[in-house]
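This is the structure we're talking about:
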């Protein structure tokens, strides 16, 4: 049949199968999420003949093309892409009613590929969407390296052991009307290697004073989500001689493990 891609067709072929979607799209999605891949289309007069309507969704990788969802002879069948059959379906109950969009559930890292929708009758058109599936940052650990002593320095450390790279770290002091990323004076964020040789997020607090007391949050972010943890810093008031309430790395009260609060990953 004649090819009816709008951007390259001669004007005589413009009235043909047309997919009403943007040019090739690129999506970054989180593992476990679901996605709708759009492929609405229209049929023009020259497609009103007896030729059957065929719809084929194909997973395109550099070394192979795997048709995985097919509408043909008014029936839906599944192709050869392993692991997709239980997770993919047409959005419309009847794809012949001008919508070949699909729903793909519970995304896996192995789903990263270019997805091609082909609609064919007397003419044909295609649409591609490139999907990259990434892992959200794992819930990080926060701790104090040392004890908070008035006038001294203190390092806060933050480490996420999982998630697709690159990971970015951002510290904030919580409370009041502070915006995300606000930090008091004499603080400096640094890149460390606290995560078994992987980059981590460290916060150096210099010349500790009462204004540094409070809860600090470390947010770890990548393209598809974020996670965060928190640690509390208590600066003793002037004249106080008791032991500080800080924790050393890997040790909470009575050796009960790290003193930190981890928050589940967010979309």
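In our numbering, the protein residues as written are 273 to 539.
No residue lacks a Cβ here, since even glycine has one placed at the ideal position from N, Cα and C.
In this text the structure is predicted, and so the values were computed from the model without any measurement.
1) Would you identify the three-state DSSP class for residue 407, choosing helix, strand or coil?
2) Would you kindly work out how many angstroms separate the C-alpha atoms of residue 404 and residue 379, rounded to a whole number?
3) Would you kindly work out how many angstroms separate the C-alpha atoms of residue 394 and residue 289, rounded to a whole number?
4) For a minimum of 3 consecutive residues, which ranges assigned as the beta strand (DSSP E) are wholly contained in the stretch 338–415?
5) Just mark residue 487 as buried or exposed, buried being the case when its beta carbon has 16 or more other beta carbons within 10 Å.
6) Check whether the stretch 365–383 and the stretch 398–412 touch, using three or more Cβ-Cβ pairs below 8 Å as the test.
7) Run through DSSP, which three-state label would residue 316 get?
8) Look at the Cβ atom of residue 345, then the Cβ atom of residue 324, and state whether they are nearer than 8 Å.
9) Since residue 407 and residue 434 are thought to touch, with beta carbons under 8 Å apart, how far apart are those beta carbons, to the nearest angstrom?
10) If you pair each beta-carbon of the stretch 411–423 with each one of the stretch 496–507, do three or more pairs fall below 8 Å?
11) Does residue 477 pass the burial test, meaning 16 or more other C-beta atoms within 10 Å, or should it be called exposed?
Looking at the coordinates:
1) Secondary structure at residue 407: coil, using DSSP grouped into helix, strand and coil.
2) 10 Å
3) 8 Å
4) 347–350, 360–362, 374–376, 385–392, 395–406
5) exposed
6) Of all C-beta pairs linking the stretch 365–383 to the stretch 398–412, three or more are shorter than 8 Å, placing the two stretches in contact.
7) coil
8) yes
9) 7 Å
10) Flag = yes, the stretch 411–423 and the stretch 496–507 touch.
11) buried
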